[in-house]
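Q: Residue numbers (the numbering used here), protein chains in the order written: chain R, 15 to 126; chain E, 13 to 127. Right, I'll just put the structure down here and ask away after.
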């Protein structure tokens with residue numbers, strides 16, 4: 015199976031909160047990341063979290079980490095149409111020097 | 013935008029021909045990466061470089077080679093293109109230091125079609 019799993023699609027209404035979920039498999043992953051990809055563009059690093067943290071907040075973004083269940087989530091508050099994009103979860107396998115392993119991405123659609 | 017440029021942005025080539033994609037950075041970052049993005053697979057690492065003339069294989073390196081003769085340039089070569097190499101290719105860079113130590117900047121991608 016995939017190392018990093020995400021649901022493929024999420025649709026929300028403008029102004030609502032979006033929650034994108036991710037599960038990973040390597041308990042030694044020290045960093046976990048969220049990237050955003052807008053149509054026709056490369057990936058943009060949104061935020062990251064250390065494995066010894068439970069939560070990280072950055073303006074409208076909140077990352078929650080449940081290390082026991084290897085579950086990561088990204089919450090976007092007050093979702094805007096400009097947030098429509100594909101969001102990728104990624105783990106760095108094998109510790110801080112390992113390679114990034116990406117999930118397949120969750121396509122977020124925001125309806126006006 | 014970070015100083016990372018990929019060329020060409022689009023290319024159509026025939027099966028069996030060699031193809032070279034170029035990634036150029038102006039950030040003086042030590043690490044450079046080549047990924048491919050395919051539907052249903054997310055991004056997968058092809059090769060990466062941790063310095064001039066220092067490269068290593070990633071998850072899907074078969075059929076690809078790389079070279080880095082200067083800090084700013086990382087070349088990806090398909091020696092004999094196959095239809096399975098039709099994909100979108102992304103270059104990424106990382107300083108390799110700092111808190112996140114991650115591929116923080118990605119190029120805009122090269123869409124390669126092998127016919």
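Cβ coordinates follow ideal geometry from the N, Cα and C atoms, glycine included. These numbers come from a predicted model, not from an experiment.
Within its chain, find whatever has a CB closer than 7 Å to the CB of residue 15(R); leave out the 5 residues flanking it on each side and keep chain order.
A: Note that residue 15(R) scores a pLDDT of 45, beneath 50, so its modelled location is shaky and nothing firm can be said.
Q: Got a sec: which bits of the stretch 17–42 of chain E sit with their beta carbon under 7 Å from any beta carbon on chain R, in order along the chain?
A: Result list empty, no residue passes.
Q: Between which two residues does the beta strand (DSSP E) harbouring residue 44(E) extend?
A: Residues 43–50.
Q: Looking at the structure shown, is residue 44(R) part of a helix, part of a strand, or coil, going by DSSP?
A: Residue 44(R): coil per DSSP, three-state reduction.
Q: Does residue 114(E) come within less than 9 Å of chain R when only Cβ atoms are used?
A: Yes, its Cβ sits closer than 9 Å to a Cβ of chain R.
Q: Kindly say whether residue 23(R), judged by its beta-carbon, lies nearer than 9 Å to any beta-carbon of chain E.
A: No, residue 23(R) lies away from the interface with chain E (no Cβ there is under 9 Å from its Cβ).
Q: Just how far apart, CA to CA, sit residue 118(E) and residue 56(R)?
A: So the two alpha carbons sit approximately 5 Å from each other.
Q: Taking 6 Å as the limit between beta carbons, can you name the residues of its chain near residue 121(R), skipping five residues before and five after?
A: For residue 121(R), where only same-chain residues beyond five positions count, the Cβ hits under 6 Å are 23, 100.
Q: Take the Cβ of residue 86(E) as the centre, count every other Cβ of all protein chains shown within 10 Å, and call the residue buried at 16 or more, exposed below.
A: Residue 86(E) should be labelled buried.
Q: Determine the DSSP secondary structure at residue 29(R), reduced to helix, strand or coil.
A: In the structure shown, residue 29(R) sits in coil (DSSP, three-state: anything other than H, G, I, E or B).
Q: Would you say residue 26(R) faces chain E, with C-beta separation under 9 Å as the test?
A: Not an interface residue.
Q: Determine whether the Cβ of residue 86(E) lies closer than 9 Å to any Cβ atom of chain R.
A: Not closer than 9 Å to any Cβ of chain R, the Cβ of residue 86(E) fails to qualify, so no.
Q: Find the residues of chain E that neighbour residue 118(R), judging by a C-beta separation of less than 8 Å, and give them in chain order.
A: Going along chain E in sequence order, the residues near residue 118(R) (Cβ under 8 Å) are 52, 53, 54.
Q: When we look at the beta-carbon of residue 125(R) and count the other beta-carbons within 10 Å, is it buried (16 or more) or exposed?
A: With fewer than 16 other Cβ atoms within 10 Å, it is exposed.
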